[in-house]
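Residue numbers (this note's numbering): 2 to 367. Working notes, structure below.
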Ligand SMILES: C[S@@+](CC[C@H](N)C(=O)[O-])C[C@H]1O[C@@H](n2cnc3c(N)ncnc32)[C@H](O)[C@@H]1O
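Here it is, written out as structure tokens:
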């Protein structure tokens, strides 16, 4: 960070525009922005039992007009665009009150929308007046810095996270409650504290350990707390001192996970190696025999890497399927070569080929 820039791994008190202007261009990997909603609540809201709803009617959420809200939104979005790395991305969350304005201005600022995620609240607040549908979701926009940007997305991690099913754009997560909800004087300390579960998904999916996550509207420090726990760096800006103090206290209690738990292993796709590469490299010789593990079946390797067995011919997979009588056989796990009197699977030979090949490309500086 340049000198005079706000320090990382801290929550800073002040206006996010002033503070962002002091960050170097291209220094941030992820922005999570939960800006004022501009709810325009002009009167108190009561439950049927006449208790007052802790709604968002604070000074920080008040703007004179849509136009002044747009000017403010445009300014912070342009700063986010400047401080983001080319590989970075931004998440902006909001409700129907503001998200459509934020979305349009986000595109105007040069961002490229990748998804909108609907956060479905499993325990939403009812519509007490019975005048509209219960407002049970918020919208998150996820966008890269430009149309063709190479942004971080751990697709496979998200699939594993979701029990092997591709993760969809509708997320069912309860609103922040219970011990996670910071209380003051018996009530909520902040009207819009977001659930950590929401930030957990976002940070795991779209950052790497050690990345820098910026939250220009830090509130109680939810983004920073989850980022710290997941071994990411963070920087948060918040203009209300009381929230800054809550966030600092909250962050002090967070211990980062050990690095070994954070490694992203799912995303690594092994390079595809055809059986022919083993034959061409001499690791398996044309004319030698492949065996099934119980030595019941034997096939001869041809120069073109096909196998021949009892008048049948095919690839390691199709011949494996034919002789085993199974619906589908993975030839890499079915066939073995004989080395020093022992059977060695062709899959093991493929591993050796990959290792050798990787070492060579490193040595060649490829
Ligand atoms: C919707 S809340 C964010 C809540 C936060 N995500 C959390 O989980 O606690 C928006 C926050 O932005 C702060 N804020 C509003 N305008 C700001 C500005 N110009 N600079 C910095 N913070 C601002 C408000 O004080 C408020 O805490």
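The C-beta atom is built at its ideal place from N, Cα and C for all residues, glycine as well. Since we're looking at a predicted model, the values are computed, not measured.
- Just so you know, the alpha carbons of residue 85 and residue 186 end up roughly 38 Å apart.
- For residue 315, DSSP records a beta bridge to 308.
- With distances taken between CA atoms, residue 183 lies nearest to 194 out of 174, 176 and 194.
- Using a 10 angstroms sphere on the CB of residue 208, the tally of other CB atoms reaches 16 or more, which defines it as buried.
- Around the CB of residue 37, 16 or more other CB atoms lie within 10 Å, so the residue is classed as buried.
- For residue 233, the number of other beta carbons within 10 angstroms of its own is at least 16, and it is reported as buried.
- Bounds of the alpha helix (DSSP H) holding residue 334 are 332-335.
- Separation of residue 63 and residue 159 (C-alpha to C-alpha, rounded to the nearest whole angstrom) is 37 Å.
- DSSP lists 95 and 119 as the beta-bridge partner residues of residue 140.
- With respect to residue 156, residue 145 sits apart: the two C-beta atoms are not nearer than 8 Å.
- For residue 239, the shortest C-beta to heavy atom distance toward ligand 1 is below 7 Å.
- The bridge partners DSSP lists for residue 287 come to none.
- If you draw a straight line from the Cα of residue 30 to the Cα of residue 215, it comes to about 8 Å.
- C-alpha of residue 304 to C-alpha of residue 104: approximately 59 Å in a straight line.
- Measuring C-alpha to C-alpha distances from residue 40 to each of 22, 75 and 97 identifies 97 as the nearest.
- Within the same chain, Cβ atoms closer than 8 Å to the Cβ of residue 257 are found at 229, 230, 231 and 232, the five residues on either side in sequence being excluded.
- Sixteen is the threshold: since fewer than 16 other Cβ atoms of the shown chains lie within 10 Å of the Cβ of residue 129, the residue is exposed.
- Counting along the chain, residue 109 sits inside no beta strand (DSSP E); it lies in the alpha helix (DSSP H) bounded by residues 100-109.
- Using a 10 angstroms sphere on the CB of residue 309, the tally of other CB atoms stays under 16, which defines it as exposed.
- Between the C-alpha atoms of residue 136 and residue 246 there is a straight-line separation of about 31 Å.
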